[in-house]
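**Student:** Here you go, one structure.
2 protein chains.
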Amino acid sequence: MSIVSPGRRRITLSDVARGCDVSRATVSLVLRGSPLVHSETRARVEAELKRQGYVYHRGAANLRRNVSTSVALVINDLSNPFFAEFAGGVDEALAAAGYVTLLGSTGESTERQRAVLASLLEHDPAGIILSPAEGSDGTQLRTLVGARTPVLVFNRQLDHDDRHGAWDFLALDNVRGAFLATEHLLARGHRRIAFFGGHRDSSSCRQRRDGYRAALAAAGIEAEPQWLVECAPTRLEAARQVGALFVRDPAPTAAVCYNDAVALGLIAGLTTRGRRAGDDFAVVGFDDIPEASVSAPPLTTIAVDPRARGRQAAELILQRLREPDAPARTTVAAVQLQVRASSDAPRSHTGDNA
Amino acid sequence: MSIVSPGRRRITLSDVARGCDVSRATVSLVLRGSPLVHSETRARVEAELKRQGYVYHRGAANLRRNVSTSVALVINDLSNPFFAEFAGGVDEALAAAGYVTLLGSTGESTERQRAVLASLLEHDPAGIILSPAEGSDGTQLRTLVGARTPVLVFNRQLDHDDRHGAWDFLALDNVRGAFLATEHLLARGHRRIAFFGGHRDSSSCRQRRDGYRAALAAAGIEAEPQWLVECAPTRLEAARQVGALFVRDPAPTAAVCYNDAVALGLIAGLTTRGRRAGDDFAVVGFDDIPEASVSAPPLTTIAVDPRARGRQAAELILQRLREPDAPARTTVAAVQLQVRASSDAPRSHTGDNA
DNA sequence: CTGAAAGCGCTTACAG
DNA sequence: CTGAAAGCGCTTACAG
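Listed below in structure tokens is the structure:
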């Protein structure tokens, strides 16, 4: 004879059925709002459900019905405000559609990404929204995920194409964003414009560089090799690399940055070197993270609206669940220039007359 | 005769068992690492698991075993960097312990909180980490959640105590934080120090005001009523309320702010009024959000380390799962003063000689 | 060491 | 309109 702590045992359909003298089937029909149940019976069952504090066990129901009401969201890390906003948008749209969000973080490690995906897959998500860790391989991911679970890839292209047909892809318009940023600096009179930060092997960096080059080309300028400075996309690394911009004369008077973190690092590095961003050097960022609007000087940047991108990603995976057999699609999300006084000094202020 | 798309059907234990001529029981024992299985049989089964691309269905297993491997995390919103960091810490620690995080956002609405909790409970979380929406009622939450699922409350006290015995509570040391902030301004020579922002009916605001008053009292100062200015804890509202600080002469020369958002709003509002934070008015914040270090001027504030708090919250709920019957506990997390040049001008700079 | 059988909490044809 | 029965994918005593 075992003693069960009060309230510890789960209340099931059977308990409720017993409590109001109907079958489990009838209670189930009431729960699912079936019109088959007599309204008086329904009322009795509903009273009993409430009386016993019944909680629906969606997992059991999903098992029986062979459906899933969760979507896995795998991102780099919530400490990055870009992904935090993105995740907020995903969760908002998924919750509105009746899905629950399963969270996973890779910390930009493909090894952790493997482990996180394997663990999440065991929870049977209906689909996966994946912002891949840098260096993720499409073929490997396909082996891990299989063909049963649709994946929406966000932000970063996978390294290898996939024999089974590509996954859906939500891309930022990196080319156009960098084009707009560069065009803005050109319009303010700059001619020697650097592209600062990021790694050449990241697809988003290559695309942003392409947009940058295209804007320069449209103005009849060819990017000089020393204007292209690589560094890890963090504030600290960017601050360390600032010197590379000024090794040769004439040095650039402005920089399009790979992202806002790099731009903030550049601003800090300029200060260290006795220069003032927005005063004698122009800086434009990419992403429009929350810090961009309160930095000193405020940062002109490319707004990506990560929260809206999150909602969009959720809509795309939900649509895929509705049409599992439609061909894979790439969606390119628009970006826009967010001008703020005054990280983007005009050339006249930089004391440059070359 | 229905045609199944290749790879759409789930591979189950039965498929694997059939594929290598053993019973489902044996496959299950292999999966769970039982020493009962002959090593040769084990090898055969493992090869077949891999060959068929088997994915464990943890939901089915958990149903049978009556356990859960998920924890629900309910917060205000991931757009708030404080909660994003907190969530990152929670997820990190839960993942390390083999749990998956179910995410839910309230947007500070108790109505949405009800709906989100009801939905998450249907997914049978082992426990819930809840940062309650403002105005959450403990009695109502108890009715909703029941006695089966342990809850760790974070950051904000619930409105009513609970007859069933309180839930675990992870609190920030708000009193001490505000005390440290106020003491710092006193040490810099200020005597007329305001407490700016927050709502009196929020428990964290009351506690921070208590710490502020205690520090003033220790210096023989009593807070004047007009030094206590309420406003919603957002940048925008704070900027709008700045005028209230200067309605009477002599006005305060410094302010302890309810949080960093309010502090940043105050800094902006001061600028609008032709004053300069850190130059002729001293500002101290609370939370140490990422913007605090890059604002102009950088913000001296109280560091709460939300990521560490997230890890701590996860540890506390995991411990509760291990000891369901231990008495409920309140844990107070330490906070510390983060001094940054130079939002915290000394009084001599404020031109105040009163 | 391996297999047959019962059961977790639910749903859904099917019969009445 | 209601109930008995089978089954979703797994686990676990129990028997052999």
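Note that the protein sequences, when read in sequence, are chains A and B. Just so it is clear: in the first sequence, position 125 is 125 by this note's numbering, and no numbers are missing. Just so it is clear: in the second sequence, position 346 is 346 by this note's numbering, and no numbers are missing. A virtual CB, placed ideally from N, CA and C, is assigned to each residue, including glycine. Model, not experiment: these values are computed from the prediction.
With a threshold of 8 Å between beta carbons, is P150(A) in contact with chain B?
**Tutor:** Output row for P150(A): interface = no.
**Student:** Below 8 Å on C-beta distance, what does Y56(A) contact in chain B?
**Tutor:** Within 8 Å Cβ-Cβ: E122.
**Student:** Count the other C-beta atoms from every protein chain shown that fall within 10 angstroms of the C-beta of S295(A), then say buried if there are 16 or more, exposed otherwise.
**Tutor:** So S295(A) counts as buried.
**Student:** Assuming S204(B) and R156(B) make a contact with CB atoms under 8 Å, what is their CB distance in whole Å?
**Tutor:** Indeed they touch by this definition, with Cβ atoms about 6 Å apart.
**Student:** Taking only beta-carbon positions, decide if V100(B) is within less than 8 Å of chain A.
**Tutor:** It does; some Cβ of chain A falls within 8 Å.
**Student:** Quick one: which unbroken alpha helix (DSSP H) runs of 4-plus residues sit fully inside the segment 152–198 of chain A? Chain order, please.
**Tutor:** Runs found: 174–187.
**Student:** In the DSSP output, what is F281(B) paired with across the bridge?
**Tutor:** F281(B) pairs with A277(B).
**Student:** Can you tell me which of Q319(A), D249(A) and L170(A) puts its alpha carbon nearest to the alpha carbon of V335(A)?
**Tutor:** If we check each option's Cα against that of V335(A), L170(A) comes out closest.
**Student:** In angstroms with no decimal places, state the Cα-to-Cα distance between T149(A) and A238(A).
**Tutor:** For T149(A) and A238(A), the distance between alpha carbons rounds to 39 Å.
**Student:** Using a Cβ-Cβ cutoff of 8 Å, what residues of the segment 278–293 of chain A are near chain B? List them in chain order.
**Tutor:** Flagged, chain order: P290 and E291.
**Student:** Cβ atoms of R192(A) and T253(A): under 8 Å apart, would you say?
**Tutor:** Taking 8 Å as the Cβ cut-off, T253(A) and R192(A) qualify as a contacting pair.
**Student:** On a CA-only basis, which of R320(A), E323(A), A314(A) and P327(A) is nearest L73(A)? Give me that one, please.
**Tutor:** When only C-alpha atoms are compared, the closest one is A314(A).
**Student:** Restricting to Cα atoms, I'd like to know which of A219(A), G198(A), A214(A) and F196(A) is closest to H190(A).
**Tutor:** The residue with the shortest Cα to Cα distance from H190(A) is A219(A).
**Student:** Can you check whether the C-beta of S105(A) is within less than 8 Å of a C-beta belonging to chain B?
**Tutor:** It does: the Cβ of S105(A) has a partner Cβ on chain B nearer than 8 Å.
**Student:** Between L185(B) and the rest of its own chain, which residues show a CB-CB distance below 8 Å, the 5 nearest in sequence each way excluded?
**Tutor:** Correct list, in chain order: I193, A254, V256, A282, V284 and D344.
**Student:** Determine the closest residue to T41(A) out of R51(A), D21(A), H57(A) and A341(A), with distance taken between C-alpha atoms.
**Tutor:** Residue D21(A) is the option with its Cα nearest to T41(A).
**Student:** Closest Cβ-Cβ distance between A43(A) and chain B: below 8 Å?
**Tutor:** It does not: the Cβ of A43(A) has no partner Cβ on chain B nearer than 8 Å.
**Student:** Measuring straight from C-alpha to C-alpha, what distance separates R248(A) and A341(B)?
**Tutor:** When rounded, the distance between both Cα atoms is 34 Å.
**Student:** Relative to chain B, which residues along the segment 9–35 of chain A have a C-beta separation below 7 Å, given in chain order?
**Tutor:** Within the segment 9–35 of chain A, the residues whose Cβ lies closer than 7 Å to some Cβ of chain B are R10, listed in chain order.
**Student:** Verify the CB distance criterion: does R307(B) have a CB-CB separation below 8 Å to chain A?
**Tutor:** Yes, R307(B) lies at the interface with chain A (some Cβ there is under 8 Å from its Cβ).
**Student:** Kindly indicate the opening and closing residues of the beta strand (DSSP E) around L102(B).
**Tutor:** Segment V100 to S105, the beta strand (DSSP E) holding L102(B).
**Student:** Below 7 Å CB to CB, which residues in the same chain sit around T110(A) once its five sequence neighbours on both sides are set aside?
**Tutor:** Counting only Cβ-Cβ distances below 7 Å, and skipping sequence neighbours, we find A133, G135 and S136.
**Student:** Per DSSP, which residues does D356(B) bridge with? Please list them.
**Tutor:** Outside the displayed span of chain B (1 to 354) sits residue 356(B), for which this structure offers no information.
**Student:** Alpha carbons only, please: which of Y212(A), Y56(A) and A60(A) is nearest the one belonging to D173(A)?
**Tutor:** Ranking Y212(A), Y56(A) and A60(A) by Cα distance to D173(A) puts Y212(A) first.
**Student:** Express the C-alpha separation of Y258(A) and Q207(A) in angstroms, rounding to a whole number.
**Tutor:** Cα to Cα, Q207(A) sits roughly 10 Å from Y258(A).
**Student:** Looking only at C-alpha atoms, which of A232(A), A268(A) and T139(A) sits nearest to D201(A)?
**Tutor:** Of A232(A), A268(A) and T139(A), the residue nearest in Cα terms is A232(A).
**Student:** Start and end of the beta strand (DSSP E) containing A314(A)?
**Tutor:** Where A314(A) is concerned, there is no enclosing beta strand (DSSP E), although the alpha helix (DSSP H) it sits in stretches over P306 to R322.
**Student:** Leaving out five residues on either side along the sequence, give the residues of the same chain with a beta carbon under 7 Å from the beta carbon of D15(A).
**Tutor:** Correct list, in chain order: Q52.
**Student:** Expressed to the nearest angstrom, what Euclidean distance is found between the alpha-carbon atoms of V67(A) and A126(A)?
**Tutor:** Looking at the two C-alpha atoms, the distance is approximately 8 Å.
**Student:** Can you say whether D325(B) is buried or exposed, counting buried as having 16 or more other CB atoms within 10 angstroms of its CB?
**Tutor:** With fewer than 16 other Cβ atoms within 10 Å, it is exposed.
**Student:** According to a CB-to-CB cut-off of less than 7 Å, which residues of the segment 79–91 of chain B neighbour chain A?
**Tutor:** Answer set for the segment 79–91 of chain B: S79, P81, A84, E85, A87, G88 and D91.
**Student:** Any C-beta of chain B sitting closer than 8 Å to the C-beta of V116(A)?
**Tutor:** Taking Cβ atoms only, chain B reaches closer than 8 Å to V116(A), which makes this a yes.
**Student:** Return the CA-CA distance between A93(A) and R311(A), expressed in angstroms with no decimal places.
**Tutor:** Computed Cα separation, rounded: 5 Å.
**Student:** Less than 8 Å separating the beta-carbons of I267(A) and D288(A)?
**Tutor:** Cβ distance not < 8 Å, so I267(A) and D288(A) don't count as in contact.
**Student:** If I follow the unbroken beta strand (DSSP E) through C205(A), where does it start and stop?
**Tutor:** Unbroken run through C205(A) is the alpha helix (DSSP H), S203 to A218; no beta strand (DSSP E).
**Student:** Could you give the DSSP three-state label for S97(A): helix, strand or coil?
**Tutor:** With the sequence shown as reference, residue 97(A) is identified as Ala, and Ser is not the correct amino acid for it. DSSP places A97(A) in coil when its eight states are reduced to three.
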